[in-house]
Amino acid sequence: MDCIFCKIASGDIESKIVSTTAKSIAFLDAFPLANGHTLVIPKNHYSKIQDMPKDENVDLFSLVHDVISRVDALTGATLLAIHNGKEAGQEIPHVHVHLIPRSSSDSAGPIHSMFPGQCKISESEMTTTYNKLVK
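Take the sequence shown: its letters are residues 861 to 995, numbered as in this note's numbering.
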């Protein structure tokens, strides 16, 4: 497999590792959006979160929990972002969690600024969607 994140996890590509567990690794992003931008990935290759076994998912988010306070200490605020699939903006098809230090002067804005057009959903569409999501 020619996955850059798999190569980082295996040690074939050098990275600035922040923390690691048996199943996950956190390292500084090579193309940071802010100083301290950290990625947390599972060591095994999965394209989407729902593809991961539960134990690896728990391990991944436990590492996110451990590392986010360190990232947050850099500026006092952290954006946590996951692009779950190509259509969601995922550029590398390996699960990864972005921890991006934020500040009021970074001009990145809130999540709603990523979507300039307001989504208009009728009440019946909302109900239909709700019924699909509820078990």
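Here a beta-carbon is modelled for each residue, glycine too, at the ideal position from N, C-alpha and C.
One or two residues paired with I877 in a DSSP bridge:
Beta-bridge analysis with DSSP links I877 to F887.
What did DSSP end up calling L893 once you bin it into helix, strand or coil?
Looking at L893 - three-state DSSP - the assignment turns out to be coil, as it is neither helix nor strand.
Looking at the secondary structure, which residues open and close the beta strand (DSSP E) in which V957 lies?
Segment V957 to P961, the beta strand (DSSP E) holding V957.
Among S875, A886, I868 and K876, the one whose alpha carbon lies nearest that of F921
It is A886.
Could you tell me how far apart the beta carbons of S907 and H954 are, in whole angstroms, since I believe they sit closer than 8 angstroms?
Under the criterion of beta carbons closer than 8 angstroms, S907 and H954 qualify as touching, at roughly 7 angstroms.
Which residues mark the beginning and the end of the alpha helix (DSSP H) in which V924 is found?
Counting along the chain, the unbroken alpha helix (DSSP H) around V924 starts and ends at K914 to T935.
Beta-carbon proximity check, A894 vs P961, cutoff 8 angstroms
Going by C-beta atoms, A894 is nearer than 8 angstroms to P961.
Opposing strand residues paired with P902 [DSSP bridges]:
According to DSSP, residue pairing for P902 in a beta bridge involves S884.
Using the Cβ count rule (16 or more neighbours within 10 Å means buried), how would you classify H897?
Per the 10 Å Cβ criterion, buried.
Exposed or buried, which one is F975 when buried takes at least 16 other CB atoms within 10 Å?
By the 10 Å Cβ count, F975 comes out exposed.
Report yes if the C-beta distance between K883 and D919 is below 8 angstroms; otherwise report no.
Yes, the Cβ-Cβ distance between K883 and D919 is below 8 angstroms.
Assuming A869 is part of the alpha helix (DSSP H), what are its boundary residues?
Residues I864 to S870.
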